[in-house]
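Asker: Sharing a structure here in C-alpha cells format.
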Amino acid sequence: MFDYPIFEMPFIGQRMLMAINAIIHVFVSHGGAVGGSIVLAAMAWWANKKNDMQAYNLTYKVVMVFFIISTSVGALTGVGMWIHANILSPNAIGGLIRVFFWKWFIEWIVFNFEVVLLLLLFMSWKKNQATAEGRAKTIRIGIYYAIASWLTMVIITAILAFMLTPNFDGQPWVDPEVYPGNVNYNNALFNPTWWPSLAFRTFTSISFAAALAIMWTWIIATFSKNEEDKEAKARLVKFLAGIMMITVPISAIFGYWYYTEIPAAALAMIPTAVMTRAFEDRFDLMYLMAIGVGGSIIVTTIIAYFSPKRMPYLAASLMVMGFLVLWGYEERVREFIRKPFLIYNYMYSNGIRTTDVPYLNKVGILEHAVFLDEDKKRVKEDKSNILEVGKSVFQIECRICHTKNGINGLKGLTAGWSHDAIRNRLNNLPGGGTPYMPPFVGTEMEKDALAAYLKSLNTKGAIK
Amino acid sequence: MNWKLPFDIPLITPTLGLPLEFFSILGIIVFVVHICFIYMLIGASTASVIYNIVGVFKKDSSYDKFAYRMTNYTTVSENMGALWGVAPLLVISVLFTGFFYTAILKISPHILHIIYGNIIAFLLSYAYKFSWHALHNHKGFHIAIGLSAVLSFFTLPFVFMSMTNLYMQPELFASVNNIWDIMFTPVTGFRLLNFFLTAFMATGVAMIFIGARWVKKGDEEIGKIAISQGKKWFLLATPLNIVVMPLLPFVFTARISESLMHTGFIYLPFIASLLLIITFLFVLNKFKEEIITPQSALRAIGLVLVSIFLMATTREGVRVVSFAEPLELQAEATSKFMTASIAEYKKYKEELANKPALDLSDPVTLAESKGCLACHSLNIKLVGPSYIEVANKERNKGVLIHSIQNGSTNKYDVIPMPAQDVSNEEAKILVDWILSLEDQNK
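Residue numbers (our numbering), protein chains in the order written: chain A, 2 to 465; chain B, 490 to 931.
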C-alpha cells in the first residue's frame with residue numbers, strides 16, 4: 002500500500018466507504034439477480050402451468066421491479082466493488098486480478114448472457130404473453146437467465162473464498178520466495194470454503210428473493226387498480242412461501258457446513274465480528290439476535306404459507322428486513338474474520354505483504370513511499386518534522402481501518418493514553434486483546450513518529 | 490523526468506503465453522463495442538428528450554411516438570455499454586495494474602461518480618421511460634425527468650475521461666493531485682469534444698438506419714422522421730469532428746506526441762477523417778431523398794464504424810508509446826525491491842528456525858509471549874496499571890485469574906482490559922509472579 006498515492010476518506014473512513022457499496026450490492030445481487038432470476042422463472046413457470054393468467058400478469062409487474070433494480074443498482078455497484086477495492090487496496094485487488102484474471106474474464110462473458118437474457122425476458126414478455134408458445138419461450142428465457150446469474154455467483158464466490166482460505170494444507174497457491182510469483186491456479190480456485198459458501202449463498206439467495214417477491218407482490222397488488230392483481234396476490238404469495246419453506250432449512254444446513262470449514266484462527270474473531278468491539282464480551286446477545294431475526298423469518302414464512310390472505314403487509318416487510326439484517330451480518334462477519342489479513346497469510350489488512358515485513362522493518366515503511374514528499378518520509382535530526390512523518394505512517398498503515406476522529410477514530414481510541422503507553426502498544430498490536438490487528442511495520446524511528454502523531458491527536462494546539 | 494510510479498504486483502501476469510499484441514487487439518475490439526453503445530446511449534437519450542419536446546410544440550403524435558421508441562435504444566445501450574466497459578478495464582488492470590490504480594486513486598473520491606452518478610442516471614432514465622404513458626398529460630414534468638437523466642449521463646464522460654487521460658500519461662502522476670488538475674486541461678477538453686461530436690454523429694447514422702428499417706416494415710411516418718432527423722444530426726456533427734480528429738494525437742504530453750510521430754499510428758486519424766469526409770458527401774448526396782434504403786444506411790454506418798475503429802487503434806498506439814519507458818522503469822524497480830525483500834525474508838526465517846524454544850514456565854517470557862507487556866509494565870502505568878500497582882491493590886488470586894481470562898473494567902482507569910487467551914495454568918503462573926512483585930515500601 003505504501004507505493005500508491007494516498008487517498009484518505011475523512012470521517013466515515015475507507016472501510017465504511019466500501020461497506021456502503023458492498024452491502025447494497027450483496028442485497029441486490031443475491032436477492033435481486035441470482036435468487037431473483039430463479040424465483041421469477043419459477044413464478045412464471047408455475048403461473049403458466051396452472052394456466053393462471055392473473056398470476057402470470059402480476060408476475061410481469063414483479064419482474065419489472067427486479068429488472069429496474071438489478072440492472073441499475075445491482076450491476077453498477079458490482080463494478081463499484083472493484084473501483085472501491087482499487088481505492089482501498091490496489092495491491093490486494095491487483096494481486097487477485099493476477100490470480101483470477103481468466104476466471105473474471107469468463108465471469109464477464111457469463112454476465113453478457115445474464116444481461117442480454119434479462120433484457121430479452123423483460124422486453125419481450127408482453128409480446129410473448131398472448132400465446133402458449135410465446136409463454137413457453139418466456140419461461141425458457143427465464144430459466145437460461147437463472148442459470149447465467151447463478152454461474153456468475155459460482156465464480157465470484159471462488160474469489161471471495163480464496164481471500165479467506167487461499168491454501169490447502171501443503172498445497173500452496175504461490176511460493177512467496179520466488180519473484181515473480183508463479184501462481185498455482187488450481188489450488189487458488191479449489192479452496193476449501195468455495196463449495197460450502199456457494200451452497201449457502203445459493204439457497205439463502207433463493208429464500209431472500211422469495212421474501213422480496215412476496216413483499217413486492219403485496220405492494221404492487223395493494224396499490225394496483227386492477228382487481229385481477231388483488232385476486233392473484235394470495236395464490237402467488239402462497240407459492241413463494243412454499244419456496245421459502247424448502248430453501249430456508251436447506252440454507253441453515255449449508256450455513257453450518259460453511260461454518261465448519263472456516264479456519265480456527267478466523268473462528269476466534271467471530272464474537273468481535275458479530276457484536277462489534279464495544280460488545281465483544283456480550284456474545285450471549287448474539288443468541289437473542291439470532292432468535293429474533295431467524296424467528297421472525299420462520300414465523301412470517303409459515304403465516305405466508307398457511308394463510309397468505311391474512312399475512313399483513315407489515316409481516317412481508319419484516320421478513321425482508323430479517324433477511325437484510327442476516328445478510329448484512331453475514332458479510333460483516335465474512336469480512337471481519339479474515340483479519341488481520343486481506344488475503345489470508347499473504348497480505349495484511351493494510352495491504353502489506355507478510356513476506357515484505359522483515360525488509361520493511363529494516364529500511365522503513367516510508368522508504369519506498371514514492372508519492373510522499375521527501376520531508377515527510379524521514380525524521381530530521383532536530384525532530385522538527387516528527388509529526389508529519391508520523392502522519393505519513395498513519396496514512397499508510399492505519400488509515401484503511403481507522404480514521405483520525407471519525408468512525409473507529411484513533412483520537413477517541415487513544416484518549417487519555419500517555420506517549421509511552423501508545424509507544425508500548427505499538428510494539429504488540431495483535432496482542433492485548435486485538436488479534437485482528439496487523440503488527441506495526443517499520444523502523445523504531447517510524448514507530449516513535451507514529452506514537453508522537455497519535456499523541457498529538459489529543460493535544461490541543463498541535464499540528465494534525 | 491520526474492517519474493513517480495508504484496511497484497508492479499509481484500505475481501506472474503496470466504497472459505497464457507499470448508503476445509501483448511493479442512491483448513492490444515482484444516482491448517481495441519471490446520473498447521469499440523463499449524464506446525459504440527455509449528455513443529448510442531448519449532445520442533438516443535438526448536434524441537428522446539428533444540423529440541418529446543418537438544412533439545409537444547408541433548402537437549404531432551408521430552414525434553412523440555418516435556421519442557418513445559428511442560427510449561428502448563437508451564435502455565439497451567446503457568446496459569450493454571456499462572457491461573462492455575468492464576472488459577477493457579479488466580484487461581488494463583491486469584496488464585498495467587500500477588498505472589491504472591494510481592490514476593483511480595489520484596482522482597478519488599470523484600471517480601466514484603461513475604458508480605453512484607450512473608445509478609442515478611439509470612434510475613432517472615427508467616423513470617422517464619416507464620412513466621411515459623402515465624405522465625402523458627404532465628409533459629412538462631415528464632420532460633424534466635428525461636432532461637435530468639440526459640444531464641446525469643452527460644456528467645459521466647467528464648469523470649471517466651479525466652481518469653483515462655491521467656492513466657495514459659504516467660508522467661503526470663507526479664504533478665496531478667486531484668481530478669480538477671486533469672479535467673480542466675486541453676487534452677481532456679479536446680477529447681471530450683471529439684467524444685460528444687462522435688456520439689451525435691454515430692447516433693445520426695444509426696437513426697437513418699433505424700428509420701430505413703421502419704419504413705421497410707411499413708411504419709412510414711415515423712421512419713421518415715428518423716431518416717430526416719438522423720441526416721441532420723450527422724451532417725451537423727461531422728464537419729467539426731473531421732477537423733478535430735487529426736489533431737487529437739498532439740494534445741498529449743510532448744514526450745508521447747513526439748514518440749507517436751515516429752510510428753504508423755500517426756496516420757490513422759487522417760485516414761479516419763478522410764472516411765468521414767466520404768461519408769459526409771454520401772449522406773449530403775442523399776439529403777433531398779425522403780426514403781433511404783437500409784443497405785445504403787448500412788454503408789454509411791460501416792464507414793463511420795471503421796473511422797471509430799481507427800481512432801480506437803490510435804488511442805491504443807498512444808498507450809503503447811507512452812507506457813514503453815515507465816513499464817521498463819517499473820519492472821526494474823520492482824525487481825530490485827523484491828530481491829532485497831526476499832533476501833531479508835529468508836534471513837528472518839533462518840533466524841526464526843535457529844531461535845531456541847521459549848521457556849514458558851518463566852513468568853516474564855510467558856507475559857511477553859502472551860502480549861501482556863503491550864499494556865502493562867513492572868513499575869510504570871502504560872495503557873493498564875503497572876504490575877506493582879496491581880499487586881498492591883488486589884491480593885485475591887481468583888479475582889486476578891478471572892480478570893486475565895475474562896477481562897475487567899473500571900478498576901484502575903476507564904480503559905477496559907479485554908479478555909485474554911490464557912489457560913488456567915498459565916494464568917496461575919502469571920498471577921503468582923504479579924503478586925510476588927508487591928511493593929514492600931508502600
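No residue lacks a Cβ here, since even glycine has one placed at the ideal position from N, Cα and C.
Quick one: which residues of the region 77–107 of chain A get their C-beta closer than 9 Å to a C-beta of chain E? List them in chain order.
Answerer: Absent from the structure: chain E. Protein chains present are A and B.
Asker: Which residue comes first and which comes last in the alpha helix (DSSP H) that contains A/LEU343?
Answerer: Your numbering for residue 343 of chain A matches position 342 in the first sequence. Careful: A/LEU343 lies outside any alpha helix (DSSP H), inside the beta strand (DSSP E) at 342–344.
Asker: Do three or more CB pairs link the region 747–766 of chain B to the region 708–717 of chain B at distances below 8 Å?
Answerer: No: the two stretches stay apart, fewer than three of their Cβ pairs being nearer than 8 Å.
Asker: Locate the alpha helix (DSSP H) running through A/ASN49, then write down its first and last residues.
Answerer: Reading the first sequence from its first residue, position 48 is the one you call residue 49 of chain A. Start and end: 36–50.
Asker: Let me know the secondary structure DSSP gives A/MET312 once reduced to three states.
Answerer: On the first sequence, position 311 is the one that residue 312 of chain A refers to. Coil.
Asker: For A/MET216, which of A/SER419, A/LEU199, A/PHE163, A/PHE67 has the nearest alpha-carbon?
Answerer: Here the question's residue 216 of chain A lines up with position 215 in the first sequence. Cα-wise, what sits closest to A/MET216 is A/PHE67.
Asker: With distances taken from CA atoms, which of B/ILE760, B/ALA842, B/ALA688, B/ILE608 is nearest A/ASN22?
Answerer: The residue you call residue 22 of chain A lines up with position 21 of the first sequence. Of the listed residues, the one whose Cα sits closest to A/ASN22 is B/ILE608.
Asker: Are there 16 or more other CB atoms within 10 angstroms of the CB of B/MET569, so buried, or fewer, so exposed?
Answerer: Residue mapping note: residue 569 of chain B aligns to position 80 of the second sequence, counting from 1. Under this definition B/MET569 is a buried residue.
Asker: Any beta carbon from chain B within less than 8 Å of A/LEU120's own beta carbon?
Answerer: Residue 120 of chain A sits at position 119 when you count from the first residue of the first sequence. Yes, because at least one Cβ of chain B sits closer than 8 Å to the Cβ of A/LEU120.
Asker: Could you pull the start and end residues of the alpha helix (DSSP H) that B/VAL665 belongs to?
Answerer: Here the question's residue 665 of chain B lines up with position 176 in the second sequence. Premise fails: B/VAL665 is in no alpha helix (DSSP H) and is neither H nor E.
Asker: Count the other CB atoms, across all protein chains shown, that sit within 10 Å of the CB of B/SER845; report buried if there are 16 or more and exposed otherwise.
Answerer: What you label residue 845 of chain B is simply residue 356 of the second sequence in a count that begins at 1. A quick correction: the sequence has Pro, not Ser, at residue 845 of chain B. B/PRO845 should be labelled exposed.
Asker: Does the pairing of the region 225–240 of chain A with the region 323–330 of chain A give three or more beta-carbon distances under 8 Å?
Answerer: No: the two stretches stay apart, fewer than three of their Cβ pairs being nearer than 8 Å.
Asker: Three or more C-beta pairs closer than 8 Å, one from the region 628–643 of chain B and one from the region 522–540 of chain B: is that the case here?
Answerer: The region 628–643 of chain B is in contact with the region 522–540 of chain B.
Asker: Using a Cβ-Cβ cut-off of less than 7 Å, list which residues of the region 421–437 of chain A approach chain B; keep chain order.
Answerer: Of all residues in the region 421–437 of chain A, ASP421, ALA422, ASN425, ARG426, ASN428, ASN429, GLY432, GLY433, GLY434 have a Cβ within less than 7 Å of some Cβ in chain B.
Asker: How big is the Cα-Cα spacing for A/PHE8 and B/ALA623?
Answerer: In the first sequence, counting from the first residue as 1, residue 8 of chain A sits at position 7. In the second sequence, counting from the first residue as 1, residue 623 of chain B sits at position 134. About 46 Å.
Asker: If we cut at 8 Å on Cβ distances, does B/GLY707 have a partner in chain A?
Answerer: To locate residue 707 of chain B, count along the second sequence from 1; it is residue 218. Taking Cβ atoms only, chain A never reaches closer than 8 Å to B/GLY707, which makes this a no.
Asker: DSSP state of B/LEU500, grouped into three classes?
Answerer: Taking the first residue of the second sequence as position 1, residue 500 of chain B is located at position 11. In the structure shown, B/LEU500 sits in a strand (DSSP, three-state: E or B).
Asker: For the region 96–105 of chain A against the region 73–80 of chain A, are there 3 or more C-beta pairs whose distance is under 8 Å?
Answerer: Taking 8 Å as the limit for Cβ pairs, the verdict is that the region 73–80 of chain A does not touch the region 96–105 of chain A.
Asker: Less than 8 Å separating the beta-carbons of B/PHE526 and B/SER582?
Answerer: Here the question's residue 526 of chain B lines up with position 37 in the second sequence. Here the question's residue 582 of chain B lines up with position 93 in the second sequence. No.
Asker: Under 8 Å Cβ-Cβ, which residues of chain A neighbour B/LEU579?
Answerer: Position 90 of the second sequence, counted from the start, is the residue given in the question as residue 579 of chain B. Residues of chain A passing the Cβ test: ILE98, PHE102, TRP105, PHE106, TRP109.
Asker: Measuring CA to CA, which of A/GLY95, A/PRO309, A/SER208, A/CYS399 is closest to A/MET246?
Answerer: As a first step, residue 246 of chain A must be located in the first sequence, where it is residue number 245. When only C-alpha atoms are compared, the closest one is A/SER208.
Asker: With 16 as the cutoff for other CB atoms within 10 Å, does B/PRO508 come out buried or exposed?
Answerer: Along the second sequence, one-based indexing puts residue 508 of chain B at 19. B/PRO508 is exposed by the Cβ-count criterion.
Asker: Just the chain A side, please: which residues come within less than 7 Å of B/MET750 by C-beta, in chain order?
Answerer: To locate residue 750 of chain B, count along the second sequence from 1; it is residue 261. Here the premise fails: no neighbours, minimum Cβ distance about 30 Å.
Asker: Taking 8 Å as the CB-CB cut-off, is A/ASP357 touching chain B?
Answerer: For the purposes of this step, residue 357 of chain A is taken as residue 356 along the first sequence, with counting starting at 1. A/ASP357 counts as touching chain B.
Asker: For the region 358–382 of chain A, which residues have a CB atom closer than 7 Å to at least one CB atom of chain B, in sequence order?
Answerer: Cβ contacts with chain B: PRO359, TYR360, LYS363, HIS369, VAL371, PHE372.
Asker: Please go through the region 350–415 of chain A and give each complete beta strand (DSSP E) segment of 3 or more residues, from N-terminal end onward.
Answerer: Within the region 350–415 of chain A, no complete beta strand (DSSP E) run reaches 3 residues.
Asker: Checking contacts by CB at 8 Å: is B/SER824 closer than that to chain A?
Answerer: As a position in the second sequence, residue 824 of chain B is number 335, starting the count at 1. Interface residue, yes.
Asker: Quick check: B/PHE698 and B/ILE531, are their CB atoms within less than 8 Å of each other?
Answerer: Here the question's residue 698 of chain B lines up with position 209 in the second sequence. Here the question's residue 531 of chain B lines up with position 42 in the second sequence. Cβ atoms of B/PHE698 and B/ILE531: not closer than 8 Å.
Asker: Can you find at least 3 beta carbon pairs, one from the region 154–174 of chain A and one from the region 331–349 of chain A, that sit closer than 8 Å?
Answerer: Result yes; three or more Cβ-Cβ pairs closer than 8 Å.
Asker: For B/TRP669, count the other beta carbons within 10 Å of its own beta carbon; 16 or more makes it buried, fewer makes it exposed. Which is it?
Answerer: The count along the second sequence starts at 1 and reaches residue 669 of chain B at position 180. The residue in question, B/TRP669, is exposed, as its Cβ has fewer than 16 Cβ neighbours within 10 Å.
Asker: Ordered along the chain, which non-local residues of its own chain (more than five positions away) have a Cβ less than 6 Å from that of A/ILE25?
Answerer: Numbered from its first residue, the first sequence carries residue 25 of chain A at position 24. Hits under 6 Å: THR78.
Asker: From the DSSP output, which residues share a beta bridge with A/GLY182?
Answerer: In the first sequence, residue 182 of chain A corresponds to position 181, counting from 1. DSSP output for A/GLY182 lists B/LEU500 as bridge partner(s).
Asker: How many Å lie between A/ILE160 and A/THR194 at the Cα?
Answerer: For the purposes of this step, residue 160 of chain A is taken as the residue at position 159 of the first sequence. For the purposes of this step, residue 194 of chain A is taken as the residue at position 193 of the first sequence. For A/ILE160 and A/THR194, the distance between alpha carbons rounds to 10 Å.
Asker: By Cβ distance below 7 Å, which residues in the same chain neighbour B/SER746 in space, the five residues on each side in sequence not counted?
Answerer: For this step, residue 746 of chain B is matched to residue 257 along the second sequence. Contacts found: PRO738, PHE739.
Asker: Tell me whether A/ALA212 counts as near the ligand NAD, meaning its Cβ is closer than 7 Å to at least one heavy atom of that ligand.
Answerer: This structure lacks the ligand NAD; in fact it carries no ligand of any kind.
Asker: Return yes when the Cβ of B/VAL676 is within less than 8 Å of the Cβ of B/PHE723, no when it is not.
Answerer: The residue given as residue 723 of chain B occupies position 234 in the second sequence. The residue given as residue 676 of chain B occupies position 187 in the second sequence. Result no, Cβ atoms of B/PHE723 and B/VAL676 do not sit closer than 8 Å.
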